[in-house]
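K.L.:
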Amino acid sequence: MSREYQLDKFNRPVELQIDYAGELNEQQFAAVTANPGPALVIAGAGAGKTRTLTYRVAWLLEQGIPANRILLLTFTNKAAREMMRRVSDLLGSDMSDLWGGTFHSIGNRILRRYAETLGWQSDFSIMDRDDSKELLQACLDEAKIDVKATRFPKAEVVGDVLSMAANKRESIAETLAGNFSHFQHLVSQIESLQKAYHLRKQATNSMDFDDLLVQWLRLLRENEEACAFYQRRFQFVLVDEYQDTNQLQGDLIDLLGEKHRNVMVVGDDAQSIYSWRGANFKNILNFPDRYPGAMTYKIEVNYRSTPEILSVANSAIAANTQQFKKVLATCRDNGMRPAVVSCSDAREQAM
């Protein structure tokens, strides 16, 4: 039996500022006005994904949900700012109380409050890739590892291994076996470097980008008070580009939405392009299994492409063995037929 999700505030009549039915197509309208509870929105390319999320936020606000009870997780901070600006324009109200941004920016905001419980000070610095490489090189030097003499991976590559393991929530051994098999024989040494790197980050009061998520998840798992606070706080969790989330991000979403279960994720399984950095498109495929009773909405009207381009796209994605079936349609006039060019390698393709 599926779980029922109820929210009294959705049941009261309201006088709406926005004509949602007039400004959205039928598929967008269904997703925007969805009842409380978990929801998966499959939005094809050019189908107005940003518009749908923007109007969903506006809809929640018009139903009486306070802005500070909504968490909007986006792929870039620019996307979050743009959505909040659009909502502000639609409703003529200030959106500064709404929690919107990337996973990393939200993690940073929360960790500033709890850093000392995790072994850092609240004014910790955030390392960029070069800073991380420099700190890892110091760990290599301390361990007296001569990269050239021993054919050991350079600091930058070690950083890639650690980052992949963190984002996929794997052990070093698992990550080496799956993505860096030529370094499998170095598992114990890389594990030692991982520990040394962690200690140096704490000693220098620094976090890398992965720590903003790893330590955020650790906080929620180990600090019951903090976990309960944010689970209560975020009554609605909205996630953009869900097909490009990794295991670490997926676990954060599940934990944050555990109390209210009002999690709406928007994405397209056919557009997952970040597997090389740990993204797991199965997050979106398995959403209905992780959230029993979740509603699924498909938005298949494309406003960007001509019928000829969509014909090729529909044919290409139809062959995917794992997918949510969809057929993109367009309201645009006919255009030129696309040309299919075969390239012998990636270099030729780039040219």
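In terms of the numbering used here, the sequence shown opens at residue 1128 and continues consecutively.
Every residue gets a Cβ at the ideal spot worked out from N, C-alpha and C, and that includes glycine.
Predicted, not measured: the structure shown is a model, and the values here were computed from it.
(1) If you draw a straight line from the alpha carbon of Tyr-1401 to that of Asp-1371, how long is it in whole angstroms?
(2) Measure the CB-CB distance between Phe-1156 and Ala-1166 and report whether it falls below 8 Å.
(3) In whole angstroms, what is the alpha-carbon distance linking Leu-1267 and Val-1341?
(4) With DSSP run on the structure shown, which of helix, strand or coil describes Asn-1195?
(5) Using only CA atoms, which one of Glu-1209, Trp-1226, Ala-1477 and Ile-1317 lies nearest to Ile-1272?
(6) Got a sec? Which residues, its chain only, sit under 6 Å from Ala-1466 by beta carbon, not counting five neighbours each side?
(7) Taking the alpha helix (DSSP H) that Phe-1251 falls in, what are its first and last residues?
(8) Ile-1237 by DSSP, collapsed to three states: which one?
(9) Within 10 Å of its beta-carbon, does Leu-1143 have 16 or more other beta-carbons around it, so buried, or fewer, so exposed?
(10) Report yes if the CB atom of Leu-1365 is closer than 8 Å to the CB atom of Arg-1183, and no otherwise.
(11) My guess is that Asn-1294 and Asp-1255 are in contact by the Cβ rule of under 8 Å, so how many angstroms apart are they, rounded?
(12) If you follow the alpha helix (DSSP H) that Ala-1421 is in, where does it begin and where does it stop?
(13) Which residue comes first and which comes last in the alpha helix (DSSP H) that contains Val-1314?
(14) Any idea if Met-1128 is buried or exposed, counting beta-carbon neighbours within 10 angstroms, 16 or more meaning buried?
(15) The alpha helix (DSSP H) spanning Ile-1299 covers which residue range?
(16) Is it buried or exposed, Val-1390, if we count other Cβ atoms within 10 angstroms and call 16 or more buried?
(17) Closer than 6 Å by C-beta to Leu-1379: which residues in its own chain qualify, once you throw out the five before and the five after it? Chain order, please.
(18) Helix, strand or coil, according to DSSP, for Met-1128 in the structure here?
(19) Roughly how many angstroms separate the alpha carbons of Glu-1297 and Gly-1405, rounded to a whole number?
(20) Whose CA, out of Leu-1262, Ser-1471, Asp-1472 and Tyr-1424, lies closest to the CA of Val-1168?
(21) In terms of alpha-carbon separation, which member of Asp-1146, Asn-1152 and Ser-1223 lies closest to Ile-1426?
(22) Output yes or no for whether 8 Å exceeds the beta carbon distance between Met-1210 and Thr-1177.
(23) According to the Cβ coordinates, are Asp-1416 and Val-1393 closer than 8 Å?
(24) Let me check understanding here. Comparing Cα to Cα, which of Ala-1276, Glu-1349 and Leu-1263 lies closest to Thr-1244?
(25) Have a look at Thr-1160, Ile-1145 and Asn-1195 and flag the residue whose alpha-carbon is nearest the alpha-carbon of Gln-1358.
P.N.:
In this structure, then:
(1) Position 274 of the sequence shown, counted from the start, is the residue given in the question as residue 1401. Position 244 of the sequence shown, counted from the start, is the residue given in the question as residue 1371. Spanning the two alpha carbons is a distance of roughly 6 Å.
(2) Your numbering for residue 1156 matches position 29 in the sequence shown. Your numbering for residue 1166 matches position 39 in the sequence shown. For Phe-1156 and Ala-1166, no; Cβs fall outside 8 Å.
(3) In the sequence shown, counting from the first residue as 1, residue 1267 sits at position 140. In the sequence shown, counting from the first residue as 1, residue 1341 sits at position 214. The alpha-carbon atoms of Leu-1267 and Val-1341 are separated by roughly 23 Å.
(4) For the purposes of this step, residue 1195 is taken as residue 68 along the sequence shown, with counting starting at 1. DSSP places Asn-1195 in helix when its eight states are reduced to three.
(5) In the sequence shown, the residue the question calls residue 1272 occupies position 145. The shortest CA-to-CA distance from Ile-1272 to any of Glu-1209, Trp-1226, Ala-1477 and Ile-1317 is the one to Ile-1317.
(6) Position 339 of the sequence shown, counting from 1, holds the residue named residue 1466. Cβ neighbours of Ala-1466 within its own chain (closer than 6 Å, five residues either side excluded): none.
(7) Here the question's residue 1251 lines up with position 124 in the sequence shown. No alpha helix (DSSP H) holds Phe-1251; DSSP gives it neither H nor E.
(8) Walking along the sequence shown from the start, residue 1237 turns up at place 110. Residue state, collapsed to three classes: helix.
(9) Start at 1 with the first residue of the sequence shown, and residue 1143 comes out as number 16. Per the 10 Å Cβ criterion, exposed.
(10) The residue given as residue 1365 occupies position 238 in the sequence shown. The residue given as residue 1183 occupies position 56 in the sequence shown. With respect to Arg-1183, Leu-1365 sits close: the two C-beta atoms are nearer than 8 Å.
(11) Counting from one through the sequence shown, the residue named residue 1294 turns up at place 167. Counting from one through the sequence shown, the residue named residue 1255 turns up at place 128. About 17 Å separates the two Cβ atoms, so there is no contact after all.
(12) Start at 1 with the first residue of the sequence shown, and residue 1421 comes out as number 294. No alpha helix (DSSP H) contains Ala-1421, which DSSP labels as neither H nor E.
(13) As a first step, residue 1314 is located in the sequence shown; it is residue number 187 there, counting from the start. For Val-1314, the uninterrupted alpha helix (DSSP H) run begins and ends at 1314 to 1330, by DSSP.
(14) Here residue 1128 refers to the residue found at position 1 when the sequence shown is read from its first residue. Residue placement at Met-1128 is poorly supported in this model, since its pLDDT is 34, which falls under 50; the coordinates still yield a value, given next. It is exposed - the Cβ of Met-1128 has fewer than 16 other Cβ atoms within 10 Å.
(15) Counted from its first residue, the sequence shown places residue 1299 at position 172. Start and end: 1299 to 1306.
(16) Numbered from its first residue, the sequence shown carries residue 1390 at position 263. Buried, by the Cβ-count rule.
(17) As a first step, residue 1379 must be located in the sequence shown, where it is residue number 252. Correct list, in chain order: Leu-1344.
(18) Position 1 of the sequence shown, counted from the first residue, corresponds to residue 1128. Since pLDDT at Met-1128 reaches only 34, below the 50 mark, its modelled position is unreliable, and no value is offered.
(19) Sequence index remark: in the sequence shown, residue 1297 carries index 170 (1-based). Sequence index remark: in the sequence shown, residue 1405 carries index 278 (1-based). So the two alpha carbons sit approximately 10 Å from each other.
(20) The residue given as residue 1168 occupies position 41 in the sequence shown. Measuring from the Cα of Val-1168, the nearest candidate turns out to be Tyr-1424.
(21) Working through the sequence shown from its first residue, we reach residue 1426 at position 299. Closest in alpha carbon position to Ile-1426, among Asp-1146, Asn-1152 and Ser-1223, is Asn-1152.
(22) The sequence position of residue 1210 within the sequence shown is 83, counting from 1. The sequence position of residue 1177 within the sequence shown is 50, counting from 1. In this structure, Thr-1177 lies closer than 8 Å to Met-1210 by Cβ.
(23) For this step, residue 1416 is matched to residue 289 along the sequence shown. For this step, residue 1393 is matched to residue 266 along the sequence shown. For Asp-1416 and Val-1393, no; Cβs fall outside 8 Å.
(24) As a working mapping, residue 1244 is identified with position 117 in the sequence shown. Ranking Ala-1276, Glu-1349 and Leu-1263 by Cα distance to Thr-1244 puts Glu-1349 first.
(25) Here residue 1358 refers to the residue found at position 231 of the sequence shown. Looking only at Thr-1160, Ile-1145 and Asn-1195, the smallest Cα-Cα distance to Gln-1358 is reached by Asn-1195.
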